[in-house]
Amino acid sequence: MAQADTTAAPKAQHKRMDPAQRMERMKEHRAKRLAALKDKLKLTAAQESAWTTYTTANQPPAGARPQRMDRAEFAKLTTPERLERMQTRQAERSAMFAKRAEATKTFYAALSADQKKTFDAETVHAGGHGHRGHDGHRGHDGQRDAAPAKS
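Residue numbering for the sequence shown follows my numbering, beginning at 15 and increasing consecutively.
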């Protein structure tokens, strides 16, 4: 007897989810991750303000994601206009990243050596934002990353 493919159902359900529900679910997931990180770091009272500054700077932009331009509208633009729009959006993302990076560095500087080790271990995958899915790291060709070579 063949087993049913259980991986398709969650993906299909995720795509059909109302965007507002998806954003709420992401907020809840983020809050749980941050609470777990804070517990593991065992912050002192003196580090609380640095934590607040860090978490505030790393909040997603207010509201939902910036609205993408309609494909038909984008197609009506000339190539230089499209490039200008893309460059503007890239600059906005770069500025947001710089703000988050600076806040993270400031918070990191306030941590003890043991806390830094914990922070490093707990945030090593944070940069991926889940784009690789739950089945591991995959390269551009879709293949799993090779296991580290033993020395």
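Glycine included, C-beta positions come from ideal geometry on N, C-alpha and C.
Because the structure is a prediction, the values reported are computed rather than measured.
Judged by DSSP secondary structure, A71 falls within the alpha helix (DSSP H) whose first and last residues are E62 to A71. If you look at T102, you'll find it in the alpha helix (DSSP H) that goes T93 to A123.
Cβ-Cβ distances below 8 angstroms link N72 to R114, A117 and T118 in the same chain, with the five nearest sequence neighbours on each side left out; the list follows chain order.
According to the DSSP assignment, M40 belongs to the alpha helix (DSSP H) that extends over P33 to L55.
If you ignore the 5 residues before and after Q129, its C-beta comes within less than 6 angstroms of the C-beta of L55, all in its own chain and listed in chain order.
Sequence-distant Cβ neighbours of P75 in its own chain, meaning closer than 8 angstroms and more than five residues away, are M110. Put simply, the segment 124-139 touches the segment 56-70. At least three CB pairs are less than 8 angstroms apart.
Less than 8 angstroms separates the beta-carbon of L91 from that of R99.
T58 and M37 have their C-alpha atoms roughly 31 angstroms apart. In this structure E136 is in contact with L51, their Cβ atoms being roughly 5 angstroms apart against a cut-off of 8 angstroms.
In terms of CA proximity to F133, D53 leads the group D53, F88 and A60. Taking each of R82, M83 and A45 in turn and checking the Cα distance to T69, the smallest one comes out for A45.
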